[in-house]
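Step one of this worksheet: look at the structure below.
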């Protein structure tokens, strides 16, 4: 077990955005969380990585770090790529004495190679394309060898080819790090190419749990509506 | 009952009171945020490792980049005051005290408060908008997820730079102010430079200089702390960045005027 979520509840302005949700993600497994915008997908990630506190329920993660890849990369724009990737190693109290300057250079080069971006250490985030920024944020996320990695809409805003590349790296990182991964996404290609299991959220609750193949079979009204992107069905969009 | 509630919510009384309560809530929230971050900052200042490179960068930004505007503002304020006061004093037979008055005014008040205002508009607003942008682009969330203390990383070098650089700025601004006052006096009256400076030295006491430096340290720390806090707690997109910057500027202005009043009451009453 790497991430276990038990009876999680999060309330914003008297609305139960997350309403008694439980699931488990094991090591070397990727769970995709899907659902309409505003269904609480990103909130779950923020709860797991500690950016938000739950109103009730429990989140248990294995010892070690939980890394997060943000929707818009969230790279530090005043730092170059190398400093972005080595940020935690330089600034974290428990890590900064462990590494010398040469070690950091080597680690940065290794991580950049892993995400296919060798030799861009001195560039600044503004000089990179959206897809490259995303991959740098992958490198930054895995620099502390995390036990779990959370991806918040990793392919949003990218062209189909860049999306495919990012999806390949999600799979590759899972294989390299053996981390438990959660991918919040709307895109079917990301679900089918990266996820081992899928949960679908609606109105703060899990309305479907299964494999990507089961999702595509459209056996429930919820999966049918989601896969066919239909306005007709049990899920109502709040305009 | 609901109809009554709806009617009540549309009434002018409800709107006025809800507006007042919203303002009060915002005031108390901001005060609480500044207090909390101030306490965390004190703890971090005592325990955190200070990144010298970042501190030097922030000092350069706080002190050097703001210096031309700060010195110009203090110099011009001094010219405005002396050109109006010197002529009158000379006419009334008090020409020998122009230097004394100007020096006392600049060292005690103009040097520190006008530098404070210049720093707020240049550096405070820039700090607030920088941190607010980091907040709305999730960079501060990324710092937290990477388990780096945001107060240590963002607040400590900025507030320290304010504490260290503000006295330097105030000293330089005061020197420029006194000199500008001398030039303006010489240009608007028959009083010589020598006569101006003869009395100028009489207006400077050790206590005045000490209080001026103490004020500078307090202003520098306060401006940086308020600006960083307002930026740190920004929310929303571009509008949120704008609101945070405005809030930082307004709160810093009010705070340094309050500090100035407190210093005056304590040291000069």
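Protein chains in written order, with my numbering: chain B, -1 to 237; chain G, 602 to 870. C-beta atoms are modelled at their ideal positions from N, C-alpha and C, and glycine is treated no differently. This structure is a prediction, so every number in the text was calculated from the model and none was measured.
Does DSSP put residue i in a helix, a strand or coil?
i: residue 4 of chain B; result: strand
i: residue 233 of chain B; result: coil
i: residue 608 of chain G; result: helix
i: residue 60 of chain B; result: coil
i: residue 97 of chain B; result: coil
i: residue 632 of chain G; result: helix
i: residue 178 of chain B; result: strand
i: residue 772 of chain G; result: helix
i: residue 795 of chain G; result: helix
i: residue 717 of chain G; result: helix
i: residue 724 of chain G; result: helix
i: residue 30 of chain B; result: strand
i: residue 638 of chain G; result: helix
i: residue 118 of chain B; result: coil
i: residue 651 of chain G; result: coil
i: residue 166 of chain B; result: helix
i: residue 39 of chain B; result: helix
i: residue 664 of chain G; result: helix
i: residue 15 of chain B; result: strand
i: residue 76 of chain B; result: coil
i: residue 84 of chain B; result: coil
i: residue 709 of chain G; result: helix
i: residue 228 of chain B; result: coil
i: residue 48 of chain B; result: coil
i: residue 872 of chain G; result: Here chain G has residues from 602 to 870 only, and residue 872 of chain G is not among them.
i: residue 853 of chain G; result: helix
i: residue 127 of chain B; result: coil
i: residue 54 of chain B; result: strand
i: residue 139 of chain B; result: helix
i: residue 144 of chain B; result: coil
i: residue 217 of chain B; result: coil
i: residue 134 of chain B; result: helix
i: residue 92 of chain B; result: coil
From the DSSP output, read off the bridge partner residues of residue i.
i: residue 200 of chain B; result: B:203
i: residue 809 of chain G; result: In DSSP, residue 809 of chain G forms no bridge with anything.
i: residue 149 of chain B; result: B:67, B:181
i: residue 736 of chain G; result: Answer is none; residue 736 of chain G lacks a bridge partner.
i: residue 22 of chain B; result: B:2
i: residue 10 of chain B; result: B:13
i: residue 208 of chain B; result: B:196
Under 8 angstroms Cβ-Cβ, which residues of chain G neighbour residue i?
i: residue 68 of chain B; result: 739, 742, 743
i: residue 86 of chain B; result: 747, 748, 749
Rounded to the nearest angstrom, how far is the Cβ of residue i from that of residue j, given a contact under 8 angstroms?
i: residue 842 of chain G; j: residue 725 of chain G; result: 14 angstroms between Cβ atoms; not a contact.
i: residue 192 of chain B; j: residue 168 of chain B; result: 5 angstroms
i: residue 140 of chain B; j: residue 109 of chain B; result: 6 angstroms
i: residue 54 of chain B; j: residue 7 of chain B; result: 4 angstroms
i: residue 708 of chain G; j: residue 764 of chain G; result: Residue 708 of chain G to residue 764 of chain G, Cβ: 20 angstroms. No contact.
i: residue 218 of chain B; j: residue 206 of chain B; result: 6 angstroms
i: residue 83 of chain B; j: residue 138 of chain B; result: 5 angstroms
i: residue 65 of chain B; j: residue 123 of chain B; result: 18 angstroms between Cβ atoms; not a contact.
i: residue 59 of chain B; j: residue 172 of chain B; result: Contact doesn't hold; Cβ gap of about 16 angstroms is too wide.
i: residue 801 of chain G; j: residue 700 of chain G; result: 3 angstroms
i: residue 739 of chain G; j: residue 72 of chain B; result: 4 angstroms
i: residue 864 of chain G; j: residue 812 of chain G; result: 6 angstroms
i: residue 88 of chain B; j: residue 113 of chain B; result: 19 angstroms between Cβ atoms; not a contact.
i: residue 17 of chain B; j: residue 202 of chain B; result: 3 angstroms
i: residue 714 of chain G; j: residue 857 of chain G; result: 7 angstroms
i: residue 129 of chain B; j: residue 77 of chain B; result: The Cβ separation is near 19 angstroms, so there is no contact.
i: residue 666 of chain G; j: residue 760 of chain G; result: That pair is no contact at about 17 angstroms.
Which chain G residues sit within Cβ distance under 7 angstroms of residue i?
i: residue 61 of chain B; result: Ordered by position in chain G, no residue passes the 7 angstroms Cβ test against residue 61 of chain B, which lies about 14 angstroms from the chain.
i: residue 89 of chain B; result: 749, 754
Would you mind telling me which residues of chain B sit closer than 8 angstroms to residue i, beta carbon to beta carbon, in chain order?
i: residue 746 of chain G; result: 47, 48, 49, 64, 65, 66
Taking a Cβ distance cut-off of 8 angstroms, strictly less, list which residues of the region 69 to 84 of chain B are near chain G, in chain order. 69, 70, 72, 73, 74, 75
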